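Worksheet for the structure shown next.
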Amino acid sequence: MFSQLVESFALSKLLTESPAKLKRFREKLLAWYAERGRDLPWRRTCDPYAIWISEIMLQQTTVAAVIPYFERFLDRFPTVQQLAAAEEADVLKLWEGLGYYSRARNLHAAAQDIATNHAGSFPRTAEELQSLKGIGRYTAGAIASFAFDERAPIVEANTQRLYCRLLGERGDPKSTGVQKTLWQFAETILPKNDCGLFNQALMELGGTVCTIESPSCGDCPASRYCVAARHDLQQQIPAAKRRSKPTPLVDVTVAVRKDDRYLIRQRGLGEWWTGLWDFPRLTLDETLLTRITLPSVPARSSRDQPNLFTREPVCEELRSTIEQFICDQTGVSCRLRGAELEVRHAVTRYKIRLFCCLADYQSGRLSSDQPLKWVRVNALSELAFSQPGRRFADRLIEIS
DNA sequence: TAGACGTGGCA
DNA sequence: TTGCCAAGTCT
Numbered sequence: 248m249f250s251q252l253v254e255s256f257a258l259s260k261l262l263t264e265s266p267a268k269l270k271r272f273r274e275k276l277l278a279w280y281a282e283r284g285r286d287l288p289w290r291r292t293c294d295p296y297a298i299w300i301s302e303i304m305l306q307q308t309t310v311a312a313v314i315p316y317f318e319r320f321l322d323r324f325p326t327v328q329q330l331a332a333a334e335e336a337d338v339l340k341l342w343e344g345l346g347y348y349s350r351a352r353n354l355h356a357a358a359q360d361i362a363t364n365h366a367g368s369f370p371r372t373a374e375e376l377q378s379l380k381g382i383g384r385y386t387a388g389a390i391a392s393f394a395f396d397e398r399a400p401i402v403e404a405n406t407q408r409l410y411c412r413l414l415g416e417r418g419d420p421k422s423t424g425v426q427k428t429l430w431q432f433a434e435t436i437l438p439k440n441d442c443g444l445f446n447q448a449l450m451e452l453g454g455t456v457c458t459i460e461s462p463s464c465g466d467c468p469a470s471r472y473c474v475a476a477r478h479d480l481q482q483q484i485p486a487a488k489r490r491s492k493p494t495p496l497v498d499v500t501v502a503v504r505k506d507d508r509y510l511i512r513q514r515g516l517g518e519w520w521t522g523l524w525d526f527p528r529l530t531l532d533e534t535l536l537t538r539i540t541l542p543s544v545p546a547r548s549s550r551d552q553p554n555l556f557t558r559e560p561v562c563e564e565l566r567s568t569i570e571q572f573i574c575d576q577t578g579v580s581c582r583l584r585g586a587e588l589e590v591r592h593a594v595t596r597y598k599i600r601l602f603c604c605l606a607d608y609q610s611g612r613l614s615s616d617q618p619l620k621w622v623r624v625n626a627l628s629e630l631a632f633s634q635p636g637r638r639f640a641d642r643l644i645e646i647s
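Under my numbering, the first residue of the first sequence carries the number 248, and numbering increases by one thereafter.
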């Protein structure tokens, strides 16, 4: 035990306080990155705008998911001025399916900020960058180092895991104390020059070698400096975080038909999928659920494999609840039809049973105090199963 | 400071 | 099927 403590201490000192070891570590890391680093679209450019877009898209999102969105976005908005001049709705539509839509709204707002308050030229320092909406400490450091080679440290999921293992840090990585240690470490190991390249190399190592489940320590240029590898603590470090169980919910969407069109509404502030278009949608409250019988599930269902139609009618209380909801939310009265659909979705912390009802317009005018539209749609059954963010708008015709 | 915010892939 | 996770930020 004592010898382990001595060794942990000695090793962590080696990396951060021995200039020779640190130099060797940097050389080995950069050599490894030159040989093994992936060729990704945003690594081929020094354009701060493109790097910014990629960094925002990559927040909590996999590389594979981002690539097509990144290409489309830059194709549509090649410069910060063009993004600033866009309608927010167009930016959101381009973002649809990526999730975390506030990223898109912040991106748009920040572009306008740059266009009007920074004379259209991109802020060059991490400090300035962090004053923009949606750019926190990590993203500011990433853009400043990748695009301008500022000596700015970075800590995000990949590097956090890497640093924790290198240091043998067993505490909760999210705790204030450990965060302070990690940011300090990130700054200490940064070389004088080529910081952008160095940061990319750190992230790449964390992302492809120093993985969560089975890190490839045999291929790691830093394993000889790694406390976790020395003591076989890769599974214990970093400390696992706990997640709460998803909350079960029952949602109902209603496709109200008038001639060949259906009623949709734009979701407002404080709701999920803010700014995206959706069928009117309500969450059934628990007391109602105790009184009614929901249509049974006809077949296998999962997040992405919706059930086929079921023809079970809803009970009278549910019918009147839904019809009243439509009237309150949209101003029109409607009559539910006999066909109801069901599907199950999991949305992050919620496990949602989703019923999709068809209804016929009866009478009334659309409320003028919120965005509502009658639109033609493609493939109603697919659309009814969709959530706003899951390519919903792609199935609408004549949305604007 | 913990919880909110989305979606898709993988075991 | 379920749970966990992915280049975080904001409140």
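Ideal Cβ placement from N, Cα and C applies to all residues, glycine included.
Owing to the predicted nature of the structure, the values given are computational and were not obtained by experimental measurement.
Check                                                                                                                                                                                            : Outcome
If you run the structure through DSSP and keep just helix, strand and coil, what is residue 609?                                                                                                 : strand
Between the beta-carbon of residue 485 and the beta-carbon of residue 574, is there less than 7 Å?                                                                                               : no
Can you check DSSP and say which residues form a bridge with residue 510?                                                                                                                        : 621
Among 517, 501, 520, 310, which one has its Cα closest to the Cα of residue 511?                                                                                                                 : 501
Which value, in whole angstroms, describes the spacing of the CA atoms of residue 451 and residue 541?                                                                                           : 49 Å
Out of 353, 339, 284, 360, state which residue places its alpha-carbon closest to the alpha-carbon of residue 328.                                                                               : 360
Using 8 Å as the threshold, is the stretch 489-503 in touch with the stretch 468-480, meaning 3 or more CB pairs across them?                                                                    : no
Counting C-beta neighbours from all protein chains within 10 Å, is the total for residue 366 16 or more, i.e. buried, or is it exposed?                                                          : exposed
Rounded to the nearest angstrom, what separates residue 627 and residue 561 at their Cα positions?                                                                                               : 20 Å
Can you grab the Cα-Cα spacing for the pair residue 431 / residue 513, in whole Å?                                                                                                               : 45 Å
How would you call residue 376, buried or exposed, if buried means at least 16 neighbouring beta carbons within 10 angstroms?                                                                    : buried
Helix, strand or coil for residue 597? Go by DSSP, reduced to three states.                                                                                                                      : strand
Identify, in the order they occur along the chain, each residue of the same chain with its Cβ nearer than 6 Å to the Cβ of residue 572, setting aside the five sequence neighbours on each side. : 529
What are the start and end residues of the beta strand (DSSP E) that includes residue 497?                                                                                                       : 494-505
If we require 4 or more residues per run, which alpha helix (DSSP H) segments fall completely within the stretch 419-475?                                                                        : 423-436, 442-455
With a Cβ-Cβ cutoff of 7 Å, do residue 394 and residue 295 count as a contact?                                                                                                                   : yes
Contact between the stretch 380-395 and the stretch 307-322 is defined here as three or more beta-carbon pairs at a separation below 8 Å; is this criterion met?                                 : no
Taking DSSP as the reference, what is the three-state secondary structure of residue 603?                                                                                                        : strand
Using the rule of at least 16 other Cβ atoms within 10 Å of the residue's Cβ for burial, across every protein chain shown, is residue 700 buried or exposed?                                     : Residue 700 is absent from the structure shown; the chain starts at 248 and stops at 647.
In angstroms, rounded to a whole number, what distance separates the CA positions of residue 443 and residue 392?                                                                                : 4 Å
For the beta strand (DSSP E) containing residue 529, name the first residue and the last one.                                                                                                    : 528-530
Pick from 600, 278, 316: whose alpha carbon is nearest that of residue 447?                                                                                                                      : 278
Do residue 599 and residue 564 count as a contact pair if the criterion is CB distance below 7 Å?                                                                                                : no
Can you tell me whether DSSP reads residue 525 as helix, strand or coil?                                                                                                                         : strand
Please work out which residues of its chain come closer than 8 Å, Cβ to Cβ, to residue 288, disregarding the five sequence neighbours upstream and downstream, and give them in chain order.     : 301, 314, 317, 318
Can you tell me which residues form a DSSP beta bridge with residue 580?                                                                                                                         : 610
Span of the alpha helix (DSSP H) holding residue 640?                                                                                                                                            : Element bounds for residue 640: n/a, residue is neither H nor E.
DSSP state of residue 355, grouped into three classes?                                                                                                                                           : helix
Which class does residue 627 belong to by DSSP, given the choice of helix, strand or coil?                                                                                                       : helix
Would residue 568 and residue 614 be called neighbours here (beta carbons separated by less than 7 Å)?                                                                                           : no
State the Cα-Cα distance for the pair residue 440 and residue 631, rounded to the nearest angstrom.                                                                                              : 54 Å
Given that a residue counts as buried once 16 or more other Cβ atoms are within 10 Å of its Cβ, and exposed if not, what is residue 596?                                                         : exposed
Please confirm whether residue 582 and residue 607 have their CB atoms less than 7 Å apart.                                                                                                      : yes
Given that a residue counts as buried once 16 or more other Cβ atoms are within 10 Å of its Cβ, and exposed if not, what is residue 370?                                                         : buried
In angstroms with no decimal places, state the Cα-to-Cα distance between residue 438 and residue 424.                                                                                            : 24 Å
Exposed or buried, which one is residue 525 when buried takes at least 16 other CB atoms within 10 Å?                                                                                            : buried
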